[in-house]
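Participant: The structure that follows is given in the form of structure tokens.
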Amino acid sequence: MGVSDPRIGSQIGEYNVDAVLGEGGMGKVYTATGPDGGRVALKLVKDDYARDETFRRRFYREARIAQTVQHP
35 MGVSDPRIGS
45 QIGEYNVDAV
55 LGEGGMGKVY
65 TATGPDGGRV
75 ALKLVKDDYA
85 RDETFRRRFY
95 REARIAQTVQ
105 HP
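Residue numbers for the sequence shown follow the working numbering, so the first one is 35 and each next one is one higher.
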């Protein structure tokens, strides 16, 4: 059995973290529940990347693009 992630069951902003969806070199993606009860993917990057201005610009651009995705 793997080690439990301490963020599971916690709240980040207005989102309740439900489970780890995936993990990569830059951070983790969680499934979370928003204030309206809707499910979202919540991507948290490692501190080293979060401090890098170039990376943050790319990350914000990615987030804006992801907002346009429509799921049936």
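The C-beta atom is built at its ideal place from N, Cα and C for all residues, glycine as well.
Which same chain residues end up closer than 8 Å to arginine 92 when comparing Cβ atoms and leaving out the 5 residues on each side of it in sequence?
Facilitator: As a first step, residue 92 must be located in the sequence shown, where it is residue number 58. There are no such residues.
Participant: Tell me whether alanine 66 is buried or exposed, calling it buried when 16 or more other Cβ atoms sit within 10 Å of its Cβ.
Facilitator: Sequence index remark: in the sequence shown, residue 66 carries index 32 (1-based). Classification of alanine 66: buried, given that the 10 Å Cβ count is 16 or more.
Participant: Using beta carbons (cut-off 8 Å, strictly below), is alanine 66 in contact with chain C?
Facilitator: Here chain C cannot be found, since the structure has a single protein chain.
Participant: So, at 6 Å on beta carbons, what are the nonlocal neighbours of glutamate 87 in its own chain, with the 5 sequence-adjacent residues on each side left out?
Facilitator: As a first step, residue 87 is located in the sequence shown; it is residue number 53 there, counting from the start. Within the same chain, glutamate 87 has no close Cβ partners at all.
Participant: By how many angstroms is the C-alpha of leucine 76 removed from the C-alpha of glutamine 104?
Facilitator: The residue you call residue 104 lines up with position 70 of the sequence shown. The residue you call residue 76 lines up with position 42 of the sequence shown. Each residue's alpha carbon lies about 17 Å from the other.
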